[in-house]
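Enquirer: Reading the sequence shown from the start, the letters are residues 9 to 228 in my numbering.
We treat Cβ as the ideally placed atom computed from N, Cα and C, and that holds for glycine.
If you're wondering where the values come from, they're calculated on a predicted model, not measured in any experiment.
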Amino acid sequence: MNSITALQPGHIRDLVIAGWTGRDRAAQEKHIAELERLGVRRPAATPVYYRVSASRLTLADVIQTPGSDSSGEVEFVIFQLGGALWVGVGSDHTDRKVETYNITVSKQMCDKPVASEIWPFYDVRDHWDALVLRSWEVNGSDQALYQEGSVTAMLHPQDLVANYIQNGYIFADGTAMFGGTLAAIGGIRSANRFEFELEDPVLNRRITHAYDIVTLPVAG
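1) Where does Ile173 fall in DSSP's three states?
2) Work out the CA separation of Thr66 and Gly176 for me, nearest whole Å.
3) In the DSSP assignment, what residue or residues form a beta bridge with Tyr154?
4) Where His243 and Tyr219 are concerned, what is the direct C-alpha to C-alpha distance, given to the nearest angstrom?
5) Give me the Cα-Cα distance between His217 and Arg142, rounded to the nearest whole angstrom.
6) Determine the contact status of Thr13 and Trp94, defining contact as a CB-CB distance below 9 Å.
7) Whole angstroms are fine: how far does the CA of Glu145 sit from the CA of Arg197?
8) Taking Cβ to Cβ, would you say Val82 is nearer than 9 Å to Ala138?
9) DSSP three-state call for Asp131: helix, strand or coil?
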C-alpha cells in the first residue's frame, strides 16, 4: 500500500460535480424523486457533469452560505494528480432553493468542503465496492445519521472518467470530480454542521471531515 498523501487547494484547476451517477437505477430514481419533491427538474440524461469554479473546493472546517436553504451531501471524490488517480471524500454542499430552477448555478453557490487526506486509487481498486460513505447532520448537541451506503450506489470511478471523456471532456492533471451521492435518510434538510466519512473496511481505515455552516442574511 502506498503512503497516504495530503491534498492542497492549489493542486486543483478543474472541478467537476458528477450528477445522477446511480449504478442502481432504483436507488437513483429514489434520489431523483426526493429532489423532485423539492422542485428540482428531472434530468434529461444521466450522468450529468456540472463544471464548477475550482476556487469553490475548500479544506476549511467552516463555510458561509446565503440564507438557510443549503445542505451537504457526502460523495467520494476522485483526483487526477501527478499522472495518477487518487480518491478522497467531500460534500457537494448545494443551495436547494436555487437548485429548483437552475442546478448548474446552485452547484456554484456554495463551497465544496473536502478532506485533505487522499488515497492512491490503486490501493482500493481491487476492493472498491467494499467502501462505505456516511454523513451526519449536527444541530447543537443532536447528531443524526443523514446518509449511509456503499459506493456501489454510484458508478465506478473508472466508468465515470471514461464516460466524461466520451462526452468530449478532458480529465487532465489537476482535475477533481465528485462522484455522486446517496439518498438522505428522512429527506434532504439543512443543518448547522455536517460530518462525513469514507470508510475502507478491508484496510481498516477511513477519511473523515466536518464543517460548520454559517448562514449570511439575504438582504434582497
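Expert: Inspection of the coordinates gives the following:
1) Collapsing the DSSP output to three states places Ile173 in a helix.
2) Each residue's alpha carbon lies about 27 Å from the other.
3) Beta-bridge pairing links Tyr154 to no other residue.
4) The requested residue 243 does not occur in the structure, where the chain is confined to residues 9 to 228.
5) In this model, His217 and Arg142 are separated by some 11 Å (Cα to Cα).
6) At the C-beta level, Thr13 and Trp94 come within 9 Å of one another.
7) Rounded to whole angstroms, Arg197 to Glu145 spans 9 Å at the Cα level.
8) No. Outside cutoff.
9) In the structure shown, Asp131 sits in a helix (DSSP, three-state: H, G or I).
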